[in-house]
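Quick note, the sequences are listed as chains E and U, same order.
For the first sequence, the numbering used here gives the first residue as 111, with consecutive numbering after it.
For the second sequence, the numbering used here gives the first residue as 5, with consecutive numbering after it.
Glycine included, C-beta positions come from ideal geometry on N, C-alpha and C.
A quick write-up on the structure given underneath.
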Amino acid sequence: MDSRERVLRTLEGEAVDRPPCFSGMGNVTVHGLKKAGVRFAEAHGDAKKMAAAAASTYKLFGFECAVAPFDLGLEAEALGCELNFYDDGSERILYPTVKTKILKFGEELNVPEGLAERGRVPMVKEAIGLLKDDIGDEVAVGSYVLGPYTLAGQVMDLNDLLKNSFKKPDEVERILRSLSTAIVTIAAELKEAGADYITVREMGAPADVISPRMFSSMVLGPLKETIKGIDGPVILHICGNTNPIVELMVEAGASAIAVDQKNDVAATREKLGPTAVILGNIDPYNTLVKGTPDEVKAAVKGVIQSGVNGVAPGCDIWPEAPAENMEALVKATEGYEPN
Amino acid sequence: MSEEEILEGLKKSVIDFDEDAVKEYAQRAIDEGVDPQKAIFDGLAAGMEVVGDLFQKGEYFVPEVLMCADALYAGLDILKPHVKVDEKTRVKGQVVIGTVEGDVHDIGKNIVKLMFDIAGFTVHDLGKDVPLDRFVEEQLKTDSDIVALSAMMTTTMTGMKKVIEKIREKNPKVKIMIGGAPVTEETAKAYGADATAKDATNALSEAIKMVSSLREMQK
């Protein structure tokens, strides 16, 4: 069974020889960037550089997927926000952020025509196409979009969003539904470009930010619409405290859910039963960056024994993860034996 | 209405994020001669402490805390102009605060800022996504006692280390606090920070402790 098949079968809930080691999110490393001769800050705006960087974690370490893009601004930018790419010519690693918001609470959200041609959508599509040509036969190629609540926090002031989530939930939900249509449109473009699976990142809605009740009454509906609108395997990822909302995450309808190190996976497995596909939940910083290779190996064993179907970092791999830890991550998954 | 009732009213109205009620009680405190500093500490801040507990227990979430903070500011705006500057009872100090470059999250930073405001600090708020050198410049310019750095993401947390080194180089006496979701005690230690606080309430007590020790040192 090759990596591509292993990942896609896992997402479909079918039997595999062993859990795959992959992610639905960014996984470039400084080692891969160096080898590809690409600076992180320029990898966001050039299809060839993005594809070369995205393929490098598979090529160097055998990580079983390739994912592009690397930032969380694609949809916000297509909707009209300006991004900061922090490109000062150096090799520092700073993720792009949204510089200008486009929506004031109380105003109508205008989703512009032709989203497929706006911002970097065509460029990211080209990068996915290049990735498919390069390694698409060997590993699954993934891409991601934001969930509606997280995207709302990108296009409008986060404080306003949070307060109005409490004061005027109906109006917030209306915004989320419009954003959902924009997300579905962009996801379709990424699929068309060749992405084998899409991750929906709803990182703005864990139970340490909003209440499970609010998640259920306001976020879940639009999130369901988003996931339903995307063809093929979809991973729903939420980082932070997801323990009280894992059932709701499953209800959202994705093929798989992905959680981070704050999730008690053994308990989650028990709650969700044997058929739910759970991905996770290696600590991307304390284990992958700060840990030793032995600690990484132990963590891999731990998450598999807790019941994950795929070994995945809890969030984007922090590019400065040491090479030996990346190797240990993949090797430990490949060589996992139950005892 | 007794002083006790007024203080209790302020406290409860902050917890209930009832801005109008906070304003009413604050005005009543002024009208009935309650010491405004007392109204701030034993009314507003006491309420915010309870809010912190409710947040930790998972009864309140970020939207609720933000609304409580708004209610608190509504009261602070009325009470603060009436506070007499008394050298003996008031902790005085200056703080430079901001979220480091690459990070656009400012909710936690704003809550910590609120606690500094209550305690009577002069706060120099640099906002969010602040280039690292700006912290060093602002500290030198204002001669602040404390620099408080916030990072919500692991990826931007590492930038704090550089700021701390630069500030220490120019002014070893400055107290440095770091905070944010990924920051742990170990991180604070490894980065050479003086303190970290997991929540806004602890940040305040850490801050007061740090300023007092600094004043001791200067005697």
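Which first and last residues belong to the alpha helix (DSSP H) in which residue i is found?
| i | result |
| --- | --- |
| Tyr259/E | 258 to 265 |
| Leu240/E | 231 to 245 |
| Ala75/U | 66 to 83 |
| Lys407/E | 403 to 416 |
| Lys170/U | 158 to 174 |
| Ile111/U | 111 to 123 |
| Thr291/E | 279 to 303 |
| Val440/E | 433 to 444 |
| Gln31/U | 23 to 35 |
Strictly below 8 Å CB to CB, what residues from chain U border residue i?
| i | result |
| --- | --- |
| Thr207/E | Gly106, Asp107, Val108, Asp133 |
| Cys276/E | The sequence given here places Phe at residue 276/E; Cys does not occur at that position. Result: Pro67, Glu68, Met71. |
| Val319/E | Phe65, Val66 |
Could you tell me which chain U residues have their CB closer than 9 Å to the CB of residue i, listed as they occur along the chain?
| i | result |
| --- | --- |
| Asn353/E | What Asn353/E touches in chain U: nothing, since even the nearest Cβ is about 10 Å away. |
Taking all protein chains shown into account, do 16 or more other C-beta atoms lie within 10 angstroms of the C-beta of residue i, making it buried, or fewer, making it exposed?
| i | result |
| --- | --- |
| Lys159/E | buried |
| Ser327/E | exposed |
| Ala9/U | In the sequence as displayed, the identity of residue 9/U is Glu instead of Ala. Glu9/U is exposed by the Cβ-count criterion. |
| Gly224/E | exposed |
| Val375/E | buried |
| Ser200/E | exposed |
| Arg116/E | buried |
| Gly350/E | buried |
| Gly314/E | buried |
| Ala125/E | exposed |
| Glu192/E | exposed |
| Gln264/E | buried |
| Met5/U | exposed |
| Ala194/U | exposed |
| Ser243/E | Going by the sequence as given, residue 243/E is Asp instead of Ser. So Asp243/E ends up on the exposed side. |
| Pro448/E | exposed |
| Val221/E | exposed |
| Ala377/E | exposed |
| Arg114/E | buried |
| Pro176/U | exposed |
| Met359/E | buried |
| Pro423/E | buried |
| Thr146/U | exposed |
| Glu185/E | buried |
| Arg311/E | buried |
Against residue i, what residues of chain E qualify as contacts under a CB-to-CB distance less than 7 Å, listed in chain order?
| i | result |
| --- | --- |
| Ile19/U | Neighbours of Ile19/U on chain E: none; closest Cβ ~15 Å, over 7 Å. |
| Pro186/U | Tyr395 |
Just the chain E side, please: which residues come within less than 9 Å of residue i by C-beta, in chain order?
| i | result |
| --- | --- |
| Ile34/U | Here the premise fails: no neighbours, minimum Cβ distance about 27 Å. |
Run down chain U in chain order and give the residues with a C-beta less than 7 Å from the C-beta of residue i.
| i | result |
| --- | --- |
| Ser326/E | Per Cβ cutoff of 7 Å: no residues; Ser326/E is ~13 Å from chain U at best. |
For the beta strand (DSSP E) that contains residue i, what are its first and last residues?
| i | result |
| --- | --- |
| Arg311/E | 307 to 311 |
| Asp129/U | 126 to 129 |
| Gly13/U | Careful: Gly13/U lies outside any beta strand (DSSP E), inside the alpha helix (DSSP H) at 7 to 19. |
| Gly192/E | Before going on, a small fix: residue 192/E reads as Glu here, not Gly. 192 to 194 is the extent of the beta strand (DSSP E) around Glu192/E. |
| His347/E | 344 to 348 |
| Asn391/E | 388 to 392 |
| Thr139/E | No beta strand (DSSP E) contains Thr139/E, which DSSP labels as neither H nor E. |
| Met328/E | Where Met328/E is concerned, there is no enclosing beta strand (DSSP E), given that its DSSP letter is neither H nor E. |
| Ala152/U | 150 to 154 |
| Ala176/E | 175 to 177 |
| Val369/E | 366 to 369 |
| Thr103/U | 98 to 103 |
| Ala201/U | Element bounds for Ala201/U: n/a, residue is neither H nor E. |
Say the cut is 6 Å; is the CB of residue i nearer than that to a heavy atom of the ligand COA?
| i | result |
| --- | --- |
| Ile427/E | Of ligands this structure carries none, so the ligand COA is not represented either. |
Which residues in chain E have a C-beta closer than 8 Å to the C-beta of residue i? List them in chain order.
| i | result |
| --- | --- |
| Ile111/U | Leu268, Asn269, Leu272 |
ask   = Would the stretch 432 to 445 of chain E and the stretch 24 to 33 of chain U be scored as touching if the rule is three or more Cβ pairs under 8 Å?
value = no
task = Give, in chain order, every residue of the stretch 252 to 272 of chain E whose Cβ lies closer than 8 Å to some Cβ of chain U.
result = Leu268, Asn269, Leu272
inquiry  = Would the stretch 136 to 144 of chain E count as touching the stretch 215 to 233 of chain E if we require 3 or more Cβ pairs under 8 Å?
reply    = no
ask   = Taking Cβ-Cβ distances below 8 Å as the criterion, which residues of the stretch 209 to 241 of chain E are in contact with chain U?
value = none
inquiry  = Please identify, using Cβ separations under 8 Å, the residues of the stretch 179 to 204 of chain E that lie next to chain U, in order along the chain.
reply    = Asn194, Tyr196, Ile203, Leu204
inquiry  = Tell me which residues of the stretch 135 to 158 of chain U have at least one Cβ-Cβ distance to chain E shorter than 8 Å, keeping chain order.
reply    = Met157, Thr158
query = Does the stretch 119 to 131 of chain U come close enough to the stretch 63 to 75 of chain U to have 3 or more Cβ pairs within less than 8 Å?
reply = no
ask   = Is the stretch 186 to 202 of chain U touching the stretch 150 to 158 of chain U in the sense that three or more CB pairs, one from each, lie closer than 8 Å?
value = The way I'd put it, the stretch 150 to 158 of chain U does touch the stretch 186 to 202 of chain U; three or more beta-carbon pairs between them come closer than 8 Å.
query = Does the count of Cβ pairs from the stretch 299 to 310 of chain E and the stretch 264 to 272 of chain E closer than 8 Å reach three?
reply = no
ask   = Is there contact between the stretch 39 to 57 of chain U and the stretch 15 to 23 of chain U, where contact requires at least three CB pairs shorter than 8 Å?
value = yes
key: Three CB pairs or more closer than 8 Å across the stretch 155 to 170 of chain E and the stretch 387 to 403 of chain E   = no
ask   = Would you say the stretch 353 to 370 of chain E touches the stretch 322 to 336 of chain E, given that touching needs at least three Cβ pairs under 8 Å?
value = yes
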